[in-house]
Amino acid sequence: GKMKGKILMVLMGLLFVSGLTGVYAYDASTPYTVTMNFIVGSDTSFTVSLAGAASSIDFSPATLNSKNVEPTGQNAGTTTPMVTITNTGNTNLDFKNGVTTAQPAWVLVSYNNASSINWSKTLTNTFGTVQTSVASSGTASVYFWANFTSASAGTTARTYQINSSVSS
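For reference, each letter of the sequence shown is one residue, going 135 to 302 in our numbering.
The structure is reproduced here in structure tokens:
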């Protein structure tokens, strides 16, 4: 009875006091100010198109030991990349690419965002940079070349992946 009443009075007193914090009178010499935030989320979306009507990236070497083989549909000589990435987001993006599992030992794939071979950039399951700071609505190209050494006959598949991130 009495104890519950005292607890209730103390709680009501605390609520009244806490309700007053933050109340302040403003006037001509003391205007009210507060931070205004414009919170626009980063959209890291992108689209990908393959050369021609391709639905996969296919290398068809002439022999089991062919060098600098371009995938079907790509033509570095006419600057037709195998992959075109379009930034459909609202911020500059960095693109990385790789394969989700290691490639067979008998094939080495080079990639570049220019139409010239760069063997310092090889496609592995450790993702490497394709291009950085691609503007919204901008594009990045990916060209490939493969070297085959005593390749195994038949079709061997790997999953190619492209990741985007906000440019720093």
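Every residue, glycine too, gets a C-beta built ideally from N, C-alpha and C. None of these values were measured; they are calculated from a predicted model.
Check, Outcome
"Do V243 and A210 have their C-beta atoms within less than 8 Å of each other?", "no"
"In the structure shown, what three-state DSSP assignment does A210 receive?", "helix"
"Quickly, what does DSSP pair F193 with across the bridge? List them, please.", "F193 is not bridged to any residue."
"Going by Cα to Cα distance, which pick from S286, I173, G135, P195 is closest to F238?", "Phe is not the amino acid found at residue 238; the sequence shown has Pro there. Among S286, I173, G135, P195, the Cα nearest to that of P238 is on S286."
"Going by the DSSP bridge assignment, what does W279 pair with across the sheet?", "S244"
"Put K230 into one of helix, strand or coil per three-state DSSP.", "strand"
"Hey, G223 and S179 are a contact pair by Cβ (cut 8 Å); roughly how many whole angstroms apart?", "5 Å"
"Would you say the region 266 to 274 touches the region 188 to 205, given that touching needs at least three Cβ pairs under 8 Å?", "no"
"Thinking C-beta only, is K230 closer than 8 Å to N297?", "yes"
"Beta-carbon within less than 6 Å of T263's beta-carbon, same chain only, minus the 5 sequence neighbours each way: which residues are those?", "K230"
"Should G288 go down as buried or exposed, given a rule of 16 or more other Cβ atoms within 10 Å for buried?", "exposed"
"My understanding is that V233 touches Y277, with C-beta atoms under 8 Å, so please give their C-beta distance in whole angstroms.", "Not confirmed; about 16 Å, so no contact."
"Is it true that the CB of T218 sits closer than 8 Å to the CB of S189?", "no"
"Could you spell out where the beta strand (DSSP E) holding Y160 opens and where it closes?", "That residue, Y160, is in no beta strand (DSSP E); it is neither H nor E in DSSP."
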